[in-house]
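Have a look at the structure below before the remarks.
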Amino acid sequence: MTRLEERNQKIIDAIVKKAKRVCPESLALIGIYGSFLTGDIYSKSDLDLLILINDDSGWQLGCTFIQEDEMVGHDLYCTTWDNLKDDAQYNHPNISKLMDSKIVYCADKKYLEKLEKLRNTVKDKLAVPLTTQDYDKSLNYLEEAYRYINIAKHSANKTKMLEGIGAAIYYLENAVAMLNKRYFRLGVKRAYDELNGMEKKPDMFCELIEKVISAPTVAEAKENLMYLIKETTEIFVKEGLSLGKTICVQDILEEKNETIFEDNESQNDSNRKAVTAHALEKTYEEMFSNWRNKMYFAAETENRHLAFMSLLSFNAMLSEISSEWRIGDYNPLSGYNPADLYATAQAFDSTLKEYLEEYKKIGLEINRYANIDDFVCDYLYS
38 MTRLEERNQK IIDAIVKKAK RVCPESLALI GIYGSFLTGD IYSKSDLDLL
88 ILINDDSGWQ LGCTFIQEDE MVGHDLYCTT WDNLKDDAQY NHPNISKLMD
138 SKIVYCADKK YLEKLEKLRN TVKDKLAVPL TTQDYDKSLN YLEEAYRYIN
188 IAKHSANKTK MLEGIGAAIY YLENAVAMLN KRYFRLGVKR AYDELNGMEK
238 KPDMFCELIE KVISAPTVAE AKENLMYLIK ETTEIFVKEG LSLGKTICVQ
288 DILEEKNETI FEDNESQNDS NRKAVTAHAL EKTYEEMFSN WRNKMYFAAE
338 TENRHLAFMS LLSFNAMLSE ISSEWRIGDY NPLSGYNPAD LYATAQAFDS
388 TLKEYLEEYK KIGLEINRYA NIDDFVCDYL YS
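Following this line, the structure appears as structure tokens:
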């Protein structure tokens with residue numbers, strides 16, 4: 038067993054022990070997904086777990102923390118049966134946690150049977166050829182992409198433009214996956230590998246995405262984005278005709294032609310609440326866990342797509358927090374440099390360090406441990 042595998046086993050054992058002590062009926066099963074399932078492991082890989090709970094008492098099993106000896110963040114969050122039932126509807130392609138998790142603990146055989154029933158529901162959906170209902174699901178993602186392309190196209194603010202581009206790419210990737218009746222198994226790191234393996238997509242689809250996010254100027258990025266949506270739409274038109282359905286791009290454009298509000302100023306404090314420790318608790322740790330090491334891995338492997346999409350998600354989380362709470366103004370997308378991913382990663386770090394000041398203002402401490410053994414000792418009895 039490797040050092041990382043030993044660490045992972047200690048985390049899993051701790052969750053099981055705590056469940057037996059504080060909520061013996063709550064924990065249904067634990068599964069491993071993500072890099073430790075796919076084999077895409079490196080020194081900073083954290084553990085992605087399906088911690089499936091039966092009731093609200095199970096929420097106390099969740100924990101987010103930073104392990105200092107490895108400089109790795111762990112986000113141990115719980116999943117409910119309702120979450121998995123929603124995933125089993127296959128309304129989105131991000132269902133690997135449901136479909137692929139390797140079960141390493143099960144409290145009762147009935148829970149495994151229940152999980153397999155949900156998995157089989159999805160397998161049955163994926164086993165039949167594309168239906169008009171499937172097509173409509175995928176078309177919903179294309180339509181959302183048009184909305185964000187509209188934002189990107191008309192935004193004078195570079196940050197808003199990048200937000201629009203990133204969201205548009207996200208929805209286009211999801212649209213293509215749904216059109217192919219596939220789901221993403223390998224994570225953002227290997228999104229291109231999976232997309233390249235799909236049949237119904239524009240020629241050079243990933244190369245077209247790369248041209249958008251590597252463009253040196255705003256004008257080129259917008260131009261490349263418009264070509265990407267044009268090529269993707271043509272695939273949807275072709276597939277729609279094979280099902281006896283037609284789509285009118287103009288109708289989509291008119292429907293998604295929302296008024297775009299440029300918000301270059303600070304948030305209106307009158308609409309936001311004063312920050313509390315409860316409001317921000319574990320947010321820094323979650324940001325660290327989700328994206329910090331991904332940014333440097335992207336730089337090391339020259340994975341521009343991973344860097345851009347991670348930075349976009351980081352920006353979205355900060356925006357969500359700042360829309361409700363009176364924190365400072367953060368603009369992590371301003372640090373995106375497609376020609377220098379190390380500089381981009383360092384800019385991410387600077388923003389994360391700046392956000393840490395929000396903790397200090399309200400006396401909130403980072404939830405961190407020197408090593409995994411220290412975490413286990415505290416976790417079991419907290």
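Everything in the sequence shown is counted per our numbering, starting at 38 for the first residue and increasing by one.
Glycine residues also receive a C-beta, built at the ideal position from the N, C-alpha and C atoms.
Around the C-beta of His111, 16 or more other C-beta atoms lie within 10 Å, and the residue is accordingly described as buried. Annotation: the stretch 158-235 contains the following complete segments of the alpha helix (DSSP H) (minimum length 4 residues), in chain order: 169-191, 195-216 and 228-233.
Annotation: the stretch 76-163 contains the following complete segments of the beta strand (DSSP E) (minimum length 3 residues), in chain order: 85-90, 100-104, 109-113, 115-117 and 139-143. Of all alpha-carbon atoms in Asn194, Pro375 and Leu317, the one lying nearest the alpha-carbon of Ile246 is that of Pro375. Around the beta carbon of Arg40, fewer than 16 other beta carbons sit within 10 angstroms, so the residue counts as exposed.
With a cut-off of 8 Å on Cβ pairs, the stretch 187-197 is not in contact with the stretch 209-217, counting fewer than three such pairs.
Considering only Asn131, Thr116 and Asp240, the residue with the shortest C-alpha distance to Ile272 is Asp240. Relative to the Cα of Ser279, the nearest Cα in the group Pro166, Glu268, Thr269 and Ile132 belongs to Pro166. Taking each of Thr320, Gly76 and Ala311 in turn and checking the Cα distance to Leu393, the smallest one comes out for Thr320.
Under the DSSP assignment, Gly68 falls outside any alpha helix (DSSP H), being part of the beta strand (DSSP E) whose first and last residues are Leu64 to Tyr70. Counting C-beta atoms within 10 angstroms of its own C-beta, Met332 has 16 or more neighbours from the protein chains shown and is therefore classed as buried. With 16 or more neighbouring CB atoms inside 10 Å of its own CB, Tyr183 falls in the buried class. With respect to the C-alpha of Tyr208, the residue from Ile266, Leu152 and Thr169 having the closest C-alpha is Ile266. About 43 Å separates the beta carbons of Arg405 and Glu180, which is beyond the 8 Å limit, so they are not a contact pair.
As the crow flies, the alpha-carbon of Cys143 is around 18 Å from that of Lys122.
Sixteen is the threshold: when 16 or more other Cβ atoms of the shown chains lie within 10 Å of the Cβ of Thr381, as they do, the residue is buried.
Contact check for Lys55 against Leu417 passes: the beta carbons are separated by less than 7 Å. In the three-state scheme derived from DSSP, where H, G and I count as helix and E and B as strand, Arg405 is classed as strand.
Only residues of its own chain outside the window of five on either side were considered, and among them Val312, Ile358 and Glu395 have a CB closer than 7 Å to the CB of Ile364, listed in chain order. Boundaries for Val312: no alpha helix (DSSP H) harbours it, and the DSSP string shows neither H nor E there. If you draw a 10 Å sphere on the C-beta of Gly201, you find 16 or more other C-beta atoms in it, and that means buried. Per DSSP, the unbroken alpha helix (DSSP H) holding Leu348 starts and ends at Arg341 to Glu361. Lys275 has its alpha-carbon roughly 53 Å from the corresponding atom of Cys60. Here Pro369 is buried, its C-beta having at least 16 other C-beta atoms within 10 Å.
Excluding five sequence positions before and after Pro130, the CB atoms of its chain that fall closer than 8 Å to its own CB belong to Asn211, Ala214, Met215, Arg219, Tyr220 and Phe221, given in chain order. Excluding five sequence positions before and after Ala125, the CB atoms of its chain that fall closer than 6 Å to its own CB belong to Leu155, Thr158 and Val159, given in chain order. Close CB contacts of Tyr70 within its chain, under the 8 Å cut and outside five residues either way in sequence, are with Asp85, Leu86, Leu87, Ser133, Lys134, Asp137, Ser138 and Lys139 (chain order). Residues of the same chain with a CB within less than 8 Å of the CB of Glu236, apart from the 5 flanking positions on each side, are Asn217 in chain order.
Under the three-state reduction of DSSP, Ala256 is assigned to helix. Taken through DSSP and simplified to helix, strand or coil, Asn368 comes out as coil. In this model, His342 and Ser326 are separated by some 19 Å (Cα to Cα). Counting other Cβ atoms within 10 Å of its Cβ, Ser360 stays below 16 and is therefore classed as exposed.
Going by DSSP, Glu323 is part of the alpha helix (DSSP H) stretching over Thr320 to Met324.
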